[in-house]
Amino acid sequence: MADMETIVNLCKARGFIFQSSEIYGGIGSTWDYGPLGVELKRNVKEAWWREMIARRDDVVGLDAAIIMHPKVWETSGHVANFTDPLVDCKGCKMRYRADDIESDVCPSCGGELTEARQFNCMFQTYMGPVQDAASVTYLRPETAQGIFVNFVNVQQATRKKRHRPDRQELPKRDHPWQFHVPDA
Ligand SMILES: [Zn+2]
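This is the structure:
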């Protein structure tokens, strides 16, 4: 079986996936789709959309903005609770989840680690030209949140009824948040 490095190199050589910003040394966890990769991605997306939405009349589509009102994330508990305990290496500056590493030294260089600190896992940014507390917002950390905050809009626009989960005759694949066509 090929190792990961071989697969990554092949994907780059064939134009499927490139390390993002590679000419500046790359940026962690971020990848760009090349000419063949973007075709593959589009095909997978379109096949998924066709099967999951277009060919069903009990599911409707929604494409919500990636930035939402900060109140959404306060109310959902993400601002208070969506955190991980992280430690930094004082030597090589690598950052780890405290509960992912077993030793009390850096796994890559053996350097000393900082005390664990709670980091919020949301991407924070600012709306508008002034970077103050009033303009803080976040990139959506939870895709499904768009469904919840648009629920009434979608229900009214599509006139679908919410599936009642206590009805035994409905097949198990129906999640309570899917929209269901009324029987009558
Ligand atoms: Zn280190």
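In the numbering used here, the protein residues as written are 4 to 187.
For glycine and all other residues, C-beta sits at the position ideal for the given N, C-alpha and C.
Quiz item: Would a C-beta distance cut-off of 8 Å place V152 and M55 closer than the cut-off?
Solution: Along the sequence shown, read from residue 1 onward, the residue named residue 152 stands at position 149. Along the sequence shown, read from residue 1 onward, the residue named residue 55 stands at position 52. The answer is no: Cβ separation not under 8 Å.
Quiz item: Using a Cβ-Cβ cut-off of 6 Å (strictly less than) and excluding sequence neighbours within five positions of G131, which residues of its own chain qualify?
Solution: Sequence index remark: in the sequence shown, residue 131 carries index 128 (1-based). These residues qualify, in order along the chain: S138.
Practice problem: Measure the alpha-carbon distance for K93 versus E118 and round it to whole angstroms. | Solution: Within the sequence shown, the letter at position 90 stands for residue 93. Within the sequence shown, the letter at position 115 stands for residue 118. Rounded to the nearest angstrom, the two C-alpha atoms are 11 Å apart.
Self-check item: C-alpha distance - V155 paired with A50, whole-angstrom precision
Solution: Counting from one through the sequence shown, the residue named residue 155 turns up at place 152. Counting from one through the sequence shown, the residue named residue 50 turns up at place 47. Near 28 Å, if we compare the C-alpha coordinates of A50 and V155.
Exercise. Using 7 Å as the cut-off, classify the Cβ of S32 as near or not near the heavy atoms of ligand 1, replying yes or no.
Key: Residue numbering aside, residue 32 sits at position 29 when the sequence shown is read from its first letter. No, ligand 1 has no heavy atom inside 7 Å of this Cβ.
Quiz item: Once you ignore the five residues that flank A160 on each side, which residues in its own chain have a CB closer than 7 Å to its CB?
Solution: Looking up residue 160 in the sequence shown gives position 157. There are no such residues.
Self-check item: Contact check, D17 vs L43, beta carbons under 8 Å
Solution: What you label residue 17 is simply residue 14 of the sequence shown in a count that begins at 1. What you label residue 43 is simply residue 40 of the sequence shown in a count that begins at 1. The question names Asp, but residue 17 is Arg in the sequence shown. In this structure, L43 does not lie closer than 8 Å to R17 by Cβ.
Practice problem: Could you tell me which residues DSSP puts in a beta bridge with V90? | Solution: Mapped onto the sequence shown, residue 90 falls at position 87. Answer is Y99, bridged to V90.
Quiz item: On the three-pair Cβ rule with 8 Å, is the segment 75-85 touching the segment 138-149?
Solution: yes
Self-check item: Collapsed DSSP secondary structure at L65 in the structure displayed
Solution: Translated into positions along the sequence shown, residue 65 becomes position 62. In this structure, L65 counts as coil in the three-state DSSP scheme.
Self-check item: Chain-ordered list of residues that sit, by beta carbon, closer than 6 Å to a heavy atom of ligand 1
Solution: C92, G94, C95, M97, C109, S111, C112 and G114
Quiz item: Taking the Cβ atom as the reference point for each residue, do L13 and V157 lie within a distance shorter than 8 Å?
Solution: Sequence index remark: in the sequence shown, residue 13 carries index 10 (1-based). Sequence index remark: in the sequence shown, residue 157 carries index 154 (1-based). Cβ atoms of L13 and V157: not closer than 8 Å.
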